[in-house]
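Oh and the sequence shown: position 308 is 313 in this note's numbering, straight run, nothing missing.
Glycine included, C-beta positions come from ideal geometry on N, C-alpha and C.
In what follows, a structure is listed as structure tokens, so that the remarks can point back to it.
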Amino acid sequence: MQITNADIAHVGPGTPGGDWLRRYWHAVGTTKELFDIPQAVRVLGEDLVLFRDLTGKLGLLGQACAHRGASLEYGDIEERGIRCPYHGWLYDGSGKCLEQPSEPKDGQFCHKVRQVSYPVHEQGGLIFAYMGPNPDTPPRFPNYSALVDHGGQRLMEDTRHLDYSWFNFYENSADPAHVWILHGASGYGQQTWGDRFFSVDDPPAFEAVDTPYGMKIVMTKPGPEPGTEVVDEMSLGLPSILQVGDTPYVHARVDPKLGVNAGSDYEHLLLLTPNDDDHFMLFTVDYYTGPEPDMFERLADMRKRELPTQEVKPYDKRPLMPFRGNVRREDIVAQGTQDLVGYRTEHLGPSDRGVIMIRKMVREAIQAVAEGKAPKGLHLEENAEGYVTLDSFVGVRSMGQSS
Ligand code: FES
Ligand SMILES: [Fe+2]
6 MQITNADIAH
16 VGPGTPGGDW
26 LRRYWHAVGT
36 TKELFDIPQA
46 VRVLGEDLVL
56 FRDLTGKLGL
66 LGQACAHRGA
76 SLEYGDIEER
86 GIRCPYHGWL
96 YDGSGKCLEQ
106 PSEPKDGQFC
116 HKVRQVSYPV
126 HEQGGLIFAY
136 MGPNPDTPPR
146 FPNYSALVDH
156 GGQRLMEDTR
166 HLDYSWFNFY
176 ENSADPAHVW
186 ILHGASGYGQ
196 QTWGDRFFSV
206 DDPPAFEAVD
216 TPYGMKIVMT
226 KPGPEPGTEV
236 VDEMSLGLPS
246 ILQVGDTPYV
256 HARVDPKLGV
266 NAGSDYEHLL
276 LLTPNDDDHF
286 MLFTVDYYTG
296 PEPDMFERLA
306 DMRKRELPTQ
316 EVKPYDKRPL
326 MPFRGNVRRE
336 DIVAQGTQDL
346 VGYRTEHLGP
356 SDRGVIMIRK
366 MVREAIQAVA
376 EGKAPKGLHL
386 EENAEGYVTL
396 DSFVGVRSMG
406 QSS
């Protein structure tokens with residue numbers, strides 16, 4: 006089977022891209038946003054319901070009840086699981102049917118029924134699911150550094166919901182050449198360190214580098230001493246994870262020297278989970294190990310002030326206006342108006358080399374799964390402290406340490 010870019014765009018069950026994505030754990034919710042009611046969530050084209058039973062155990066079940074398809078989103082949460090509102094069938098978190106109030110008490114019918122269910126795992130304020138083969142022996146959960154407590158502070162944003170292909174967002178992170186154009190007048194343009202680093206008049210050089218977990222983009226400028234360089238790197242971990250280290254420097258630090266000598270003490274981790282081909286959820290976790298106690302308050306203040314600055318003319322009815330002046334909205338305008346990867350007409354140049362690399366990597370991973378092999382990034386090594394690190398160094402280092 007020849008895997009093409011169009012295969013990357015499809016996430017549903019039975020598609021090559023969907024089969025590939027199903028080999029990894031995916032974030033499906035956050036601890037802070039899951040309350041004492043069932044939460045409907047669409048993941049990889051499947052309608053599911055996430056809940057926590059009264060003993061605190063999590064469950065992720067198919068949304069449509071196995072009996073006659075009423076939605077468990079309106080079910081009642083009990084000690085042992087969730088009860089369908091229609092005829093009261095009770096399921097535990099593993100999908101086992103425990104009660105059928107209107108069926109003969111001594112029957113075997115209950116044991117014959119199984120509600121769709123997927124294993125879940127809670128880590129660092131996020132709830133993950135594994136929807137692949139062999140659900141009784143899922144792959145080892147990769148303990149990403151930002152999700153493991155190791156002496157820092159963690160910030161969990163509310164889940165964002167976006168209505169375009171997850172891959173448009175993902176591959177954009179392999180494309181630094183957009184930063185000084187699309188974002189040239191926004192968060193990076195207010196005399197922060199990032200403003201100078203990403204200057205349109207003097208943009209950094211960049212390299213796309215293969216790593217065990219996926220790839221990274223390494224941007225560099227000459228450093229303060231001979232033989233040194235200022236480095237800003239960001240990582241794309243397969244299948245759908247991003248990590249950036251420069252968040253406080255582009256948003257919250259005015260002195261360009263500040264922080265940049267300290268190296269990276271900040272991980273901005275983004276986990277993308279496709280709902281379907283045209284929608285995805287974005288889970289954002291920041292982990293800070295630096296000395297400032299109020300880093301997240303200052304960051305929140307800065308973000309609040311980064312509103313679009315663009316004037317909208319009275320006859321301008323374009324739906325995404327205004328967008329210039331806010332990095333996140335600028336990204337939505339660019340990524341959200343692209344068609345699915347593999348379905349657009351494109352003309353790629355040398356500055357698209359990161360995008361070319363991540364697409365090839367994903368096609369090869371899809372191919373590996375189609376051939377029954379483990380895809381890249383599935384088994385990641387933990388460091389001595391027991392967690393998985395993705396590179397997102399920001400600072401000054403000796404030349405040549407980047408790859
Ligand atoms: S549809 Fe759920 S119990 Fe009948
Ligand atoms: Fe961007």
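Distances from the CB of asparagine 139 to the heavy atoms of ligand 2 are all 7 angstroms or more. Going by beta carbons, glycine 137 and isoleucine 371 fall outside the 8 angstroms limit. A distance criterion of 7 angstroms places the beta-carbon of alanine 45 beyond contact range of ligand 1, judged by its closest non-hydrogen atom. Residue state for tryptophan 94 is assigned as coil, using DSSP reduced to three classes.
Between the alpha carbons of phenylalanine 211 and aspartate 41 lies a distance of about 47 angstroms.
Secondary-structure assignment with DSSP links proline 313 through no beta bridge to anything. Secondary-structure assignment with DSSP links isoleucine 87 through a beta bridge to Ile82, Tyr96. Within the same chain, and ignoring the five residues on either side of valine 118 in sequence, the residues whose Cβ sits closer than 7 angstroms to its Cβ are Ala71, Cys102. Cβ atoms of glycine 129 and valine 290 come within 8 angstroms of each other, at about 7 angstroms. Proximity to methionine 220 across Glu230, Phe203, Lys322, Tyr175 peaks at Tyr175, based on C-alpha coordinates. Relative to glycine 156, the option among His256, Leu287, Glu311, Tyr293 whose CA is nearest is Tyr293. Taking proline 106 as reference, the option from Gly112, His116, Gln113, Gly93 with the minimal CA-CA separation is Gly93. By the 16-neighbour rule on beta-carbons within 10 angstroms, phenylalanine 114 is exposed.
Residue range 358-375 is occupied by the alpha helix (DSSP H) that includes methionine 362.
If you check the C-beta of histidine 273 against ligand 2, you find no heavy atom less than 7 angstroms away. Excluding sequence positions up to five before and after valine 265, its CB lies within less than 8 angstroms of the CB of Trp198, Val235, Tyr254, Val399, Gly400, Val401, all in the same chain and listed in chain order. In chain order, the residues with a C-beta atom nearer than 5 angstroms to some heavy atom of ligand 1 are Cys70, His72, Arg73, Ala75, Cys89, Tyr91, His92, Trp94. Assignment of leucine 103 by DSSP, reduced to helix, strand and coil, places it in the strand class. Taking 8 angstroms as the cut-off, the beta carbon of valine 346 is found closer than this to the beta carbon of isoleucine 13. Here alanine 379 is exposed: its Cβ has fewer than 16 other Cβ atoms, across all protein chains shown, within 10 Å.
Not one heavy atom of ligand 2 lies closer than 7 angstroms to the C-beta of leucine 276. For the pair leucine 59 and glutamate 38, the CB atoms are not nearer than the 8 angstroms cut-off. A distance below 8 angstroms separates the beta carbons of valine 374 and aspartate 24. Beta-bridge partners of valine 16 (DSSP): none assigned.
The Cβ-Cβ distance between valine 125 and leucine 187 does not fall below 8 angstroms.
Assigned with DSSP and collapsed to three states, arginine 323 falls in coil, not helix or strand.
Between the beta-carbon of leucine 275 and that of alanine 179 there is about 13 angstroms, and that puts the pair past the 8 angstroms contact cut. The set of residues with any CB-heavy atom separation to ligand 2 below 7 angstroms comprises, in chain order, Asn177, His183, Val184, Leu187, His188, Val332, Glu335, Asp336.
Here glycine 382 is buried. Its C-beta has 16 or more other C-beta atoms within 10 Å. CA-CA distance, glycine 98 to leucine 49, rounds to 20 angstroms. Nearest in C-alpha terms to arginine 159, of all of Phe328, Glu297, Gly377, is Glu297.
No residue range can be given for glutamate 108, since it is assigned to no beta strand (DSSP E) and is classified by DSSP as neither H nor E.
According to DSSP, residue pairing for tyrosine 293 in a beta bridge involves Gln158, Tyr271. Contact annotation, valine 121 with glycine 61: C-beta distance approximately 22 angstroms; criterion of less than 8 angstroms not satisfied. Taking 8 angstroms as the upper bound for CB-CB distance, alanine 339 and histidine 183 are in contact here, some 7 angstroms apart.
In terms of Cβ geometry, serine 397 and methionine 239 form a close pair [threshold 8 angstroms].
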